[in-house]
Amino acid sequence: MLRSTRALMLCALFVSTPLLALDYRIETFSEGLENPWAVAFLPDGRLLVTERVGRLRIIEADGSVDPEPVAGLPEVFIAAQAGLMEVALDPDYSDNRWLYLTYAHGSQEANNTRLARARLVDDELHDFEVLFTAQPLKAGAAHYGGRIAFLADKTLVLTLGDGFDWREEAQNPANHLGKIVRLNRDGSVPQDNPLIGQEGAAPEIYSLGHRNVQGIFFDAEHNRLYSHEHGPRGGDELNLIEAGNNYGWPLATFGIDYTGARISPYTELPGLTAPLLHWTPSVAPSSLTLYRGELFPDWQDDLFAATLAERSVRRIRVRDGMLAGEEILFEELGERIRDVRSGPDGALYLLTDNPQGRLLRVVPSE
Amino acid sequence: MSSKPRLLLAFLLAVLLASLLASIFQTQTNLAALQALGAPMPLDVRVGTTCLDLIGFAPTFALLSALGFLLALPLAAWLARRMPPLRWLIFVLSGAAAIWTALALANAVAPMPTLIAADRSPFGTLGLMACGSVGALLFGLLGRRVRYRVQPTSSESL
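Chains as they are written, first to last, in full-length UniProt numbering: chain Y, 1 to 366; chain X, 1 to 158.
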């Protein structure tokens, strides 16, 4: 009986796999984007796309790229992983037209992640304000984090990185290296941040012990904040972020160093929050979203993590708040995926990371 | 043993020694940093991690030190023949310079600021260079030309 049940399940698996592969169609919505990093959807149907080389592009509703980049951007430090990163609209964008940008600021010798906002008026940035610069400035051009999410109270959380060489600083509450910070939308510090009042602690800190967090999504319906971060060789993590928690880097990790050296003998320690799941070997997760659209009913409430190394999107099934398996999608593209977003039209949008990057639109095949 | 195989063996043993020492040094500096952050570090964890790094990290360092030694050790041997009183100093400095150069080149080529964790601080860099010096000294010791003095036979002495 058990054997026949297993056989039936195997048959179902083999039958369902090709059907799933035919369930979607990938369209090229826009092309000719130079290392695009993030996409945001404007209420008028147009889209904004950042290019890591320091340009913000407007994409018309028909997918054509406005040949003139948006004017009024600040000077951006561009090298290796450094450049212009996130673009996100204010939760009240229709009223205030604020959009938020993250970028690497400084020089090769002294730089870090900066958050700024500006109003988009007549396709130009106005009222530009620097809201936050991660401290301390450090050398090199690696591990900036740079993703934004808005919480239920409309405060924003910004992900940061450890700068690679400063991994132990992810445990130091006195600075912003390897942290997620929470700010009011004007850059001020919310007075209910978890480390407020702790002597010597940076008041902006929301969580600590991170390596390089390049994906964050707030599920308002279930009041859950998910993030993922790059591990070294192995140990990429999906985390459920809670205020004040320590996520362990580099004290506990499933990854090892690129040289083959151990980063830590521990994968868990008391007082450190374990990941919901880890990817070993690394997939290099670069962006996180949760699908809530009408075009793919089966994907409802599932998390989608874009990956660079695996050149895919990981669909992480979520059922009743629990993770319920994964599916690897879009490997047939063979391209690094930098961003994944659930579009207002119900389609899933992807950015491919290369000098001739594309904005792709995933829709049902029929 | 003729000169070339003897030198090759000395070179390989120098790389091996430098890599083993560097791996042990890398592990201990890393564990010390974790300990400073509050991680428990009992002896069995320390020994186990050291062994894992000898398997995982030492080959990486062997590659780097081999590249550095390839240029530095023949040059050191040539200089040592011309300046016999400075022989050991020459090998100490050449081993250190070989590792420093290899680390600098690796950091220039690798996408991350610093490839090897121990190399992130001046103390760590000096420690790795010292491992290179020990390896180079072994090469100087094993690669020495052995000179045999011809002893007169008893009949000749008569």
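All residues carry an ideal CB built from backbone N, CA and C; glycine is no exception. Here the structure is a predicted model, which means the values were calculated and not measured.
Check	Outcome
Beta carbon proximity, residue 159 of chain Y to chain X, threshold 8 angstroms	no
Residue 6 of chain X in three-state terms, based on DSSP	helix
Within-8 angstroms CB hit, residue 39 of chain X to chain Y	yes
Three or more C-beta pairs below 8 angstroms linking the stretch 149 to 156 of chain Y and the stretch 213 to 230 of chain Y	yes
Short-range partners of chain X found in the stretch 184 to 209 of chain Y, where Cβ spacing is below 7 angstroms	none
Residue environment, residue 354 of chain Y, which counts as buried when at least 16 other CB atoms sit within 10 Å	exposed
Inter-residue CB distance, residue 367 of chain Y and residue 195 of chain Y (contact presumed, cutoff 8 angstroms)	Because chain Y here runs from 1 to 366, residue 367 of chain Y falls outside it and cannot be looked at.
C-alpha gap between residue 21 of chain Y and residue 364 of chain Y, whole angstroms	Bear in mind that a pLDDT of 47 at residue 21 of chain Y, under 50, signals an unreliable position, so the number given afterwards is only what the model happens to contain. Spanning the two alpha carbons is a distance of roughly 11 angstroms.
Residues near residue 163 of chain Y in its chain [Cβ-Cβ closer than 7 angstroms; skip 5 each side]	138, 140, 142, 143 and 177
7 angstroms Cβ shell around residue 13 of chain X - same chain, five flanking residues per side excluded	138 and 142
Assigned exposure category for residue 312 of chain Y - 16 Cβ within 10 Å defines buried	buried
Nearest residue (CA-CA) to residue 349 of chain Y, options Y/305, Y/210 and Y/318	Y/305
Closer than 8 angstroms to chain X by CB, residue 122 of chain Y	no
Residue 188 of chain Y, DSSP secondary structure in three states	coil
Element boundaries [beta strand (DSSP E), containing residue 138 of chain X]	Looking at the DSSP string, residue 138 of chain X is not in any beta strand (DSSP E); the run it does join, the alpha helix (DSSP H), is 122 to 142.
Residues that residue 397 of chain Y bridges to, as DSSP identifies them	In this structure chain Y extends from 1 to 366, so residue 397 of chain Y is not present and cannot be described.
Minimum Cβ-Cβ distance from residue 236 of chain X to chain Y less than 8 angstroms	Look at the range of chain X in this structure, 1 to 158, and you will see that residue 236 of chain X is not part of it.
Cβ-Cβ distance between residue 117 of chain X and residue 266 of chain Y below 8 angstroms	no
Chain Y residues whose Cβ lies nearer than 7 angstroms to that of residue 67 of chain X	What residue 67 of chain X touches in chain Y: nothing, since even the nearest Cβ is about 15 angstroms away.
Contact check, residue 92 of chain X vs residue 21 of chain X, beta carbons under 8 angstroms	no
Straight-line Cα distance separating residue 246 of chain Y from residue 208 of chain Y	5 angstroms
Same chain only: Cβ atoms within 6 angstroms of residue 10 of chain Y, ignoring 5 sequence neighbours per side	Reliability fails at residue 10 of chain Y, whose pLDDT of 42 lies under 50, so the model's placement of it is uncertain and the value that follows must be treated cautiously. Cβ within range, chain order: n/a, list empty.
The stretch 10 to 41 of chain X: positions lying closer than 9 angstroms to chain Y by Cβ	23, 26, 27, 30, 31, 33, 34, 36, 37, 38, 39, 40 and 41
Endpoints, beta strand (DSSP E) assigned at residue 351 of chain Y	348 to 352
Opening and closing residue of the alpha helix (DSSP H) in which residue 107 of chain X lies	87 to 109
Proximity test, Cβ basis, 8 angstroms: residue 99 of chain X and chain C	The structure shown contains no chain C; the protein chains it does contain are Y and X.
Every unbroken beta strand (DSSP E) inside the stretch 266 to 297 of chain Y [3 residues or more]	277 to 279 and 285 to 290
Interface partners of residue 171 of chain Y on chain X, CB under 7 angstroms	37
Segment contact, 8 angstroms Cβ cut-off, at least three pairs: the stretch 91 to 110 of chain X with the stretch 42 to 50 of chain X	no
Below-8 angstroms beta-carbon distance, residue 144 of chain Y vs any chain X residue	no
C-beta neighbour in chain X for residue 261 of chain Y, strict 8 angstroms	yes
Segment limits, beta strand (DSSP E) that includes residue 149 of chain Y	148 to 150
Inter-stretch contact (C-beta, 8 angstroms, three-pair minimum) for the stretch 21 to 37 of chain X and the stretch 231 to 249 of chain Y	no
Under 8 angstroms (Cβ pairs) to chain X, residues found in the stretch 246 to 277 of chain Y	250, 251, 256, 257, 258, 259, 260, 261, 262, 263, 264, 265, 266 and 269
Beta carbon proximity, residue 56 of chain X to chain Y, threshold 8 angstroms	yes
CB contact below 8 angstroms: residue 80 of chain Y versus chain X	yes
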